[in-house]
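Per this note's numbering, residue 1 is the first one in the sequence shown, and the count goes up by one each step. From the three backbone atoms N, C-alpha and C, an ideal C-beta is built for every residue, glycine too. Predicted model only: the values in this text are computed from it and were never measured.
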Amino acid sequence: MFLYPFRTIWLKAGTDRRDLAEKIRQQTYLSDAGYRKSDNMTKIFYGLVNENEFVLENIGNKRIPQFFEGDIVGVGEETYVKIRMGALKHIRMYVLYGLLLLTGLIFWLRGLLGVDTVDANIMYAFTGIVIILFGYGYFFTMQFQRKLSPGIEFFRGLLSADRVSGDEVPAIFKR
Numbered sequence: 001m002f003l004y005p006f007r008t009i010w011l012k013a014g015t016d017r018r019d020l021a022e023k024i025r026q027q028t029y030l031s032d033a034g035y036r037k038s039d040n041m042t043k044i045f046y047g048l049v050n051e052n053e054f055v056l057e058n059i060g061n062k063r064i065p066q067f068f069e070g071d072i073v074g075v076g077e078e079t080y081v082k083i084r085m086g087a088l089k090h091i092r093m094y095v096l097y098g099l100l101l102l103t104g105l106i107f108w109l110r111g112l113l114g115v116d117t118v119d120a121n122i123m124y125a126f127t128g129i130v131i132i133l134f135g136y137g138y139f140f141t142m143q144f145q146r147k148l149s150p151g152i153e154f155f156r157g158l159l160s161a162d163r164v165s166g167d168e169v170p171a172i173f174k175r
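Quick look at the structure:
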């Protein structure tokens, strides 16, 4: 989707939930461990990991997206991982950015159409602000789109899993 820096994917792994959580935990500084490294391995993520879910922020790999949230669902060897990748941590930040851009565009259009009598200097300032906001959003989203494929491949390799569509996941595992 154009200018939407979020994506959800499903992976199917052949191991149980505990093993998947451990593989992710080996790559993560755990926030509940007092910000300390548990070993001398290079860590890629910072966040929370348990056998049901994970919330991670990328701190060590510039080629993959910044934020990951996931649910580990399944029974026995039939385990699915739902991963939500994003350039922003929360979608509400994206909505706030969109509302700010929309408000600027409305003010700008009202001034151009002559609905409001606005000083020309203010119109030039708002034109610049709208252009900067749109440019930043476009750059931000295109950067996320470039990092999406490497992010998917990273998790496929880390979890030794195959990518599946949402239709292939049993309905009982979807929330």
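Is residue 153 helix, strand or coil when you go by DSSP?
The sequence position of residue 153 within the sequence shown is 153, counting from 1. In this structure, residue 153 counts as helix in the three-state DSSP scheme.
### Task
Determine the DSSP secondary structure at residue 42, reduced to helix, strand or coil.
Along the sequence shown, read from residue 1 onward, the residue named residue 42 stands at position 42. Three-state result, residue 42: coil.
query = Identify the residues that DSSP records as bridge partners of residue 6: which are they?
reply = As a first step, residue 6 is located in the sequence shown; it is residue number 6 there, counting from the start. According to DSSP, which records beta bridges pairwise, residue 6 is partnered with 86.
In three-state terms, what does DSSP make of residue 135?
-> By one-based count along the sequence shown, residue 135 stands at place 135. Here residue 135 sits in helix by DSSP.
Cβ pair count under 8 Å reaching 3, the region 78-94 against the region 129-147
yes
Contact defined as beta carbons within less than 8 Å: I believe residue 175 pairs with residue 71. What is the distance between those atoms, to the nearest angstrom? As a first step, residue 175 is located in the sequence shown; it is residue number 175 there, counting from the start. As a first step, residue 71 is located in the sequence shown; it is residue number 71 there, counting from the start. The Cβ separation is near 7 Å, so the contact holds.
What are the start and end residues of the beta strand (DSSP E) that includes residue 70?
-> Taking the sequence shown and counting its residues from 1, the one referred to as residue 70 is at position 70. Per DSSP, residue 70 belongs to the beta strand (DSSP E) from 67-75.
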